[in-house]
Every structure is written in structure tokens, then in C-alpha cells.
Amino acid sequence: QQQQHHHPHQHHGQHHQHYHPHGHEGRSDEDGDWRQVGRGGRPLAAAAAAAEARSGPLLRCAVYFGTFDPCHANHTRLVAHTLEQLKYDLVCIVPNDDNPFKPYCSPLAARVRMLQANFAQFGERVQVHTTSEATNWRGRGIVCAQLQDVLAAQHPTRPVQVDQIIGADSMQSLASSDAKAQSNVARSLERRKLLVFPRYGEPLPQVTLDRLAEHLVVVEDYVEDGALSSTSCRQQLLAQQRPAAISQPVYDVIKDLQLYSPPPPDAHRLSVVISGGPASGKGTLSNYLVQQRGFVHVSCGEIYRIVKGLENPKINAAENLAKELGLDAYSSWLNGIAFYCLREYVDNHPTPRLVVDGLKPENFKDFENVVGAIDLLLVLSCSQEVMKARMAKRNRESDDLARIEKFFDRYKYFKDGVKSYLSFRTTRMIDIKADLPLDEYLAEQHVMEILEELERQKQLPPSAPPDSITDLAVYVREHEQDVEIQAQQLAHLPRK
Numbered sequence: 111q112q113q114q115h116h117h118p119h120q121h122h123g124q125h126h127q128h129y130h131p132h133g134h135e136g137r138s139d140e141d142g143d144w145r146q147v148g149r150g151g152r153p154l155a156a157a158a159a160a161a162e163a164r165s166g167p168l169l170r171c172a173v174y175f176g177t178f179d180p181c182h183a184n185h186t187r188l189v190a191h192t193l194e195q196l197k198y199d200l201v202c203i204v205p206n207d208d209n210p211f212k213p214y215c216s217p218l219a220a221r222v223r224m225l226q227a228n229f230a231q232f233g234e235r236v237q238v239h240t241t242s243e244a245t246n247w248r249g250r251g252i253v254c255a256q257l258q259d260v261l262a263a264q265h266p267t268r269p270v271q272v273d274q275i276i277g278a279d280s281m282q283s284l285a286s287s288d289a290k291a292q293s294n295v296a297r298s299l300e301r302r303k304l305l306v307f308p309r310y311g312e313p314l315p316q317v318t319l320d321r322l323a324e325h326l327v328v329v330e331d332y333v334e335d336g337a338l339s340s341t342s343c344r345q346q347l348l349a350q351q352r353p354a355a356i357s358q359p360v361y362d363v364i365k366d367l368q369l370y371s372p373p374p375p376d377a378h379r380l381s382v383v384i385s386g387g388p389a390s391g392k393g394t395l396s397n398y399l400v401q402q403r404g405f406v407h408v409s410c411g412e413i414y415r416i417v418k419g420l421e422n423p424k425i426n427a428a429e430n431l432a433k434e435l436g437l438d439a440y441s442s443w444l445n446g447i448a449f450y451c452l453r454e455y456v457d458n459h460p461t462p463r464l465v466v467d468g469l470k471p472e473n474f475k476d477f478e479n480v481v482g483a484i485d486l487l488l489v490l491s492c493s494q495e496v497m498k499a500r501m502a503k504r505n506r507e508s509d510d511l512a513r514i515e516k517f518f519d520r521y522k523y524f525k526d527g528v529k530s531y532l533s534f535r536t537t538r539m540i541d542i543k544a545d546l547p548l549d550e551y552l553a554e555q556h557v558m559e560i561l562e563e564l565e566r567q568k569q570l571p572p573s574a575p576p577d578s579i580t581d582l583a584v585y586v587r588e589h590e591q592d593v594e595i596q597a598q599q600l601a602h603l604p605r606k
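Its first residue numbered 111, the sequence shown is counted upward by one per residue in this note's numbering.
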């Protein structure tokens, strides 16, 4: 195997290596020659030197997985401690790949640039690598094994040891897993060590990991510099403040790429989004805001049905093409149509107060990019039993109890999506206990008082009488040709 060497200050100061553990598919010339890689990502036996022939000093490498959004002083401190105090020769930083369930996370390419800028000071002792494999313990094990083989090929006279860096929180998570899961992790580690770094202000967990004991090395002399996190840095950046924990090179990248800059709020419109499961009460709350506060209510599902009801052959052709391109492409097409129609509708009507339901957390970002910033997010948390009872009571033709079960099967993704969104925004959020009757949870959560406060801040005028506003369905039909053009563009069809 060969690996090309780069000057340490090339490409923003770091060598950026892509790993493809399952062979040479998709490799570029920078990736090195992977044609001698065998099954499971390991080189063929003929390519590896015999272990006993490696009589030189031990080459030690620590692999640091994480999101690094953005990287900050504690990341730098941990790497420096690994190199200077633990005497590792090399630290390889592997940022997590882009994740469709975390659409607010900065793109991988942007995080790589920040890492390269931040760790240029260490020269070739710190390298940034990317891979799509490191999504779980097994994948990280493959990446570490792959890296060990590359280093062994680069340094044929030296034995190589590759270990993995984790935080004390990951150690605690391992402790709470069952014996089978711990055994699987142990197998993925092979002979590697887990370097466990404590978190600021948190005692190291007193746990017993019998199956992992031989792998654990607790770095007890390491101390973080204060209670610092990427989330706290993002909140400062969102408030247009320069965090002291962000190095100047990283800050320069952030400014250059305009990271952590959400769309500014609309000074003339209050946008409220209601999110929750089926039969959680989204429509009931929306109608209440229409009646009591003069909001204009739009359901994303309603927009889909209106566009479908046009029975336009060109729109239908665009939809069919989007379906053929896969689920992600079709979902993107549906959202694009809905958000386009909504933006055109609210921009051409006096809608100082807008309430939207039917949005999933993973769609908040696209909504904000097309329609505008979300001022208030109302999340309706409701038990499965209450949802089913409400669905049975309302007895709609489109209702299906399986939708509720599907929602709760993916409930963790729903909550994680909301949490991810809020960690990248300053949007106000109210988590509503929607099992309660509407008047009770409105009073308990002070929802109306918060709305009034937001209205005063924006100095909104009174809403127009409902009968003076064109119905959404009428508006879409009147602008069918514009919707048709947008549908074709979203499906990348030439206009005919």
C-alpha cells in the first residue's frame, strides 16, 4: 500500500484522508492505493509484515470520534494532553458524517475545515480523516483497524498500536448496556484501549465493566477547562458573540462560511409551528389560535392534498419522477412544493400571525429557508392511549391507528430532532402536556401570555377579518401554472 504525503499546511494546514473500509470504491488519488485490501477492510496477509520483524519503537495513535460542531478549547486541550502527557505519536480526528436526522448540524466539509484550521498548530501529529463507516462501535472498530494497517504499511519497522478516545459519558452509557452489547464492543476493539477522559465537574462513573476491563484506561490526571460544550459555543455564536473558547482560525472559518447564522426573524410576521403526533391536538390548538388571536392556519398536509387535487399532468409527472429517485428525493419534492405554495400565499396576503402544523422536526430547516424563521415552537407531548382515544372519537375516514404506533416507534427520532433544532437556534419552545384539556394546558404553560409578549415585541397590527383573506385552495388554483413550473424545477425536469 502507498499513501501520499502532504505538507502539513496544505489544505488549511492538515492532511485530509478519506477511508473506504470496504475496498477501493469511490476512492480518489489522495486516498492511497486500496486495491490490496482484503475482506472486512483488512489488508491481505501477504501485504502485512510479520509482527516479529517490527523491532523499532512502538508507534502509538489515538483516534478521536465526534461531531465537533464547532471544535473548541476543550477539544484542543484533550488532543494536546494525549500527545504531550500520554506520549502518543499521532491523533487522528474523525468527525461524524452528515446525518439526515440531524439536518441542523453543520455540513461535514465545514466541520473538516474548522478542524483543519484549529489543529494546524500540531503539524502532522494531528490529522483529520473522514469516513461514512463510523456510525457505531463496529464501524469505528473497522476504521481503527484500517488505520492501523495503513500506519503499519507506512512504518514497516515499527509495531503499531491504535487506541480510541471516549468521554466519561460514553463509558457510563456502556455500563448501562447489557452483557451482550458489552461483549460486542469488546470484540470490535480487538487489542485496542479505550482512553476515558473525564468531563468537567463530573466525577468519573463508578461502574463495573467486566467484559471491557482490559480495554479501559481512565485518564485521571486530565482536567477540562470549565463547563464548555459545542452547544454553549453555538448559542453564543447565534447571539452574534465571539466565544472565548473558539480559536481565531476556527472563528475565521465560521465567518467565511457564515455558519451558525439562522434566517433572521420576520419583523412583520409572527410564525408559530405546532408539532406532535397524530391526534395529539394540533388542529384543535390551531383553530383556537385562529378564533382567539386572529392567526391564519395552514396545514402542510392540506397543501399536499390541494396540489394533488389540481390533477395537473405536468405536476403529476414531476411527482412520479421524484418517487423514482427514492424516498429522500420524493420527501424533498413534497416539502419543496408545500413550502413554495405557503411562501407565495403568505407573502401576498396580510398574515401578521401564521400558525403551521404538520411539520416534522427534520423539515424545520427547509421551512425556515423558504418561508421564514420560526418564532415559537409548540411541541404537543401526548400519550399513546390518549391519541388512540381521540382518533377513535373523531372517526375520520383518513385515520389509522397504525399511524400512532409508527409515530411512537420513531418517537426517539422525533424528540432528538426537536432537541437538535433547538441546539442550533434561539427559537422559543414550549413542551405542552397535551394529555390535558386545551384550556388547562394553555393556562399551565402560559401560552397566551407568551404569544402576547411576542406580538408586542414585533408591534403587530390587528389581523385582517378572516373573510377578507383568500382561501389557500383558491390561491393555489389561481396560480396553478406557477406551481407547475416549481414542481418541474424541484424534480429537475426541463420546462415544456
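Beta carbons: idealized from backbone N, C-alpha and C, even for Gly.
Among the candidates the options, whose CA atom is the shortest distance from the CA of residue i?
i           : options               : result
residue 559 : 504, 418 and 402      : 402
residue 500 : 374, 547 and 353      : 547
residue 443 : 571, 471, 414 and 422 : 414
residue 331 : 419, 338 and 191      : 191
residue 527 : 215, 255 and 243      : 215
residue 230 : 524, 359, 434 and 389 : 359
residue 335 : 285, 447, 185 and 213 : 185
residue 568 : 374, 590 and 350      : 374
residue 445 : 601, 165 and 166      : 601
residue 196 : 503, 217 and 170      : 170
residue 487 : 465, 504 and 505      : 465
residue 241 : 207, 537 and 247      : 207
residue 557 : 489, 594, 280 and 376 : 489
residue 570 : 251, 292 and 376      : 376
residue 455 : 503, 439, 436 and 406 : 406
residue 340 : 357, 562 and 263      : 357
Leaving aside the five residues before and after residue i along the sequence, list all residues of the same chain whose C-beta is less than 8 angstroms from its C-beta, in chain order.
i           : result
residue 393 : 409 and 467
residue 225 : 124, 178, 181, 203, 205 and 238
residue 478 : 372, 373 and 484
residue 168 : 268, 269, 270 and 271
residue 209 : 215
residue 189 : 174, 201, 203, 229, 232 and 236
residue 577 : none
In the DSSP assignment, what residue or residues form a beta bridge with residue i?
i           : result
residue 205 : 176
residue 277 : 307
residue 409 : 467
residue 386 : 490
residue 381 : 464
residue 538 : 486
residue 237 : 202
residue 522 : Note: residue 522 sits in no beta bridge, so no partner.
Give me, in chain order, the residues of the same chain whose beta-carbon lies closer than 6 angstroms to that of residue i; leave out the 5 immediate sequence neighbours on both sides.
i           : result
residue 367 : 220
residue 159 : Per-residue confidence for residue 159 stands at a pLDDT of 43, beneath the threshold of 50, marking its modelled position as unreliable; no derived number is given.
residue 450 : 596
residue 303 : 273, 325 and 327
residue 275 : 172, 174 and 305
residue 150 : Summary for residue 150: the model assigns pLDDT 39, below 50, so the residue's position carries little reliability; its value from the coordinates is reported in the next sentence. If we look at residue 150 and ignore the five residues flanking it on each side, it has no Cβ neighbours.
Leaving aside the five residues before and after residue i along the sequence, list all residues of the same chain whose C-beta is less than 7 angstroms from its C-beta, in chain order.
i           : result
residue 497 : 387, 388, 389, 390 and 514
residue 590 : 420 and 422
residue 545 : 492, 493 and 496
residue 434 : none
residue 217 : 208
residue 509 : 501
Measure how close the beta-carbons of residue i and residue j come, nearest whole angstrom, since I'm counting them as under 8 angstroms.
i           : j           : result
residue 200 : residue 235 : 6 angstroms
residue 362 : residue 227 : 7 angstroms
residue 255 : residue 300 : 7 angstroms
residue 462 : residue 380 : 7 angstroms
residue 370 : residue 347 : 4 angstroms
residue 278 : residue 308 : 5 angstroms
residue 573 : residue 404 : 3 angstroms
residue 459 : residue 579 : 6 angstroms
residue 355 : residue 553 : That pair is no contact at about 41 angstroms.
Checklist line | Cβ pair count under 8 angstroms reaching 3, the region 534-541 against the region 506-523 | finding: no
Item checked: the region 471-482 in contact with the region 577-595 per 3-pair CB rule at 8 angstroms -> no
Note to self: Does the region 412-427 come into contact with the region 482-493, if we say contact requires no fewer than three beta-carbon pairs (one atom in each stretch) closer than 8 angstroms?
What the structure shows: These segments do not touch.
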